[in-house]
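What follows is a single structure, written as structure tokens, with notes after it.
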Amino acid sequence: MSDYVQKIENALDALGERKSRPRQLLAEKLGTLAVEGHGFTVEELWTALRAENPSLGRATVFRTVKRLVDAKILDLIDFLDGTKLYRVCGESLIDTGHHHHLACLQCHAIREFTFCLPADQIERVSRKENFWVQSHSLTLYGLCEFCRPQQP
214 MSDYVQKIEN ALDALGERKS RPRQLLAEKL GTLAVEGHGF TVEELWTALR
264 AENPSLGRAT VFRTVKRLVD AKILDLIDFL DGTKLYRVCG ESLIDTGHHH
314 HLACLQCHAI REFTFCLPAD QIERVSRKEN FWVQSHSLTL YGLCEFCRPQ
364 QP
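Adding 213 to a residue's 1-based position in the sequence shown gives its number in the working numbering.
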């Protein structure tokens, strides 16, 4: 069992999800997606899981994905065209620390990066806007190295 699968299993335990074959399949599939770094829709995840467990309910997968997003095990990236992709969050599973995302508008590739706004910049916005910042996330949208026009 990979570290990702074990950590996803632990997260599901912490969420109170009962141990079952569908849950094990879900953890294994998410572990594979984590290693591959692919974004996915809930429909794609459900379809892949049903190949091994045809009786698996769509609502079960949707509900579990929502709980994993709330637990910060999965990230949800909303693209400007309305596409919503999920991605296994490296921060929660391999302790890489705080991260943000680069999202390709053409192929929908998603990459994590760890560069962040300096704390003094966040504090300055907080003071200027009279707003207590408790957390933040940043997604930069553009074209990845494979989709952007080649420059001479």
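The beta-carbon is built from N, C-alpha and C at its ideal position, and this holds for glycine as well.
Can you tell me whether Y299 is buried or exposed? The criterion is at least 16 other CB atoms within 10 Å of its CB, across all chains shown. Residue mapping note: residue 299 aligns to position 86 of the sequence shown, counting from 1. By the 10 Å Cβ count, Y299 comes out buried.
By DSSP, does D294 sit in helix, in strand, or in coil? Locating residue 294 in the sequence shown gives position 81, where the first residue counts as 1. Three-state DSSP puts D294 in coil, outside helix and strand.
Could you check where the alpha helix (DSSP H) with E257 kicks off and where it finishes? Within the sequence shown, residue 257 is the residue found at index 44, counting from 1. Looking at the DSSP string, the run of the alpha helix (DSSP H) that includes E257 is V255 to R263.
Answer yes or no: do G252 and H321 have a C-beta to C-beta separation smaller than 8 Å? Position 39 of the sequence shown, counted from the first residue, corresponds to residue 252. Position 108 of the sequence shown, counted from the first residue, corresponds to residue 321. Contact flag set, yes.
Could you give the distance in angstroms between the alpha-carbon of A247 and the alpha-carbon of C360? Within the sequence shown, the letter at position 34 stands for residue 247. Within the sequence shown, the letter at position 147 stands for residue 360. C-alpha separation (whole angstroms): 23 Å.
So A316 and A224 are supposed to be a Cβ contact under 8 Å. How far apart are they, rounded? For the purposes of this step, residue 316 is taken as the residue at position 103 of the sequence shown. For the purposes of this step, residue 224 is taken as the residue at position 11 of the sequence shown. Not really, about 24 Å apart at Cβ, beyond 8 Å.
Can you tell me which of R231, E257 and E325 puts its alpha carbon nearest to the alpha carbon of R271? Looking up residue 271 in the sequence shown gives position 58. Out of R231, E257 and E325, E257 has the C-alpha closest to the C-alpha of R271.
Inter-residue CB distance, K297 and T254 (contact presumed, cutoff 8 Å): Here the question's residue 297 lines up with position 84 in the sequence shown. Here the question's residue 254 lines up with position 41 in the sequence shown. 7 Å between Cβ atoms; contact.
Do you know whose CA, among I323, R234 and R231, lies nearest G250's CA? Counted from its first residue, the sequence shown places residue 250 at position 37. Out of I323, R234 and R231, I323 has the C-alpha closest to the C-alpha of G250.
Contact defined as beta carbons within less than 8 Å: I believe L281 pairs with L287. What is the distance between those atoms, to the nearest angstrom? Position 68 of the sequence shown holds residue 281. Position 74 of the sequence shown holds residue 287. Right, their Cβ atoms sit about 4 Å apart.
Please list, in chain order, all residues of the same chain as V338 whose beta carbon is under 8 Å from its beta carbon, the five residues on each side excluded. The sequence position of residue 338 within the sequence shown is 125, counting from 1. Cβ within range, chain order: F344 and V346.
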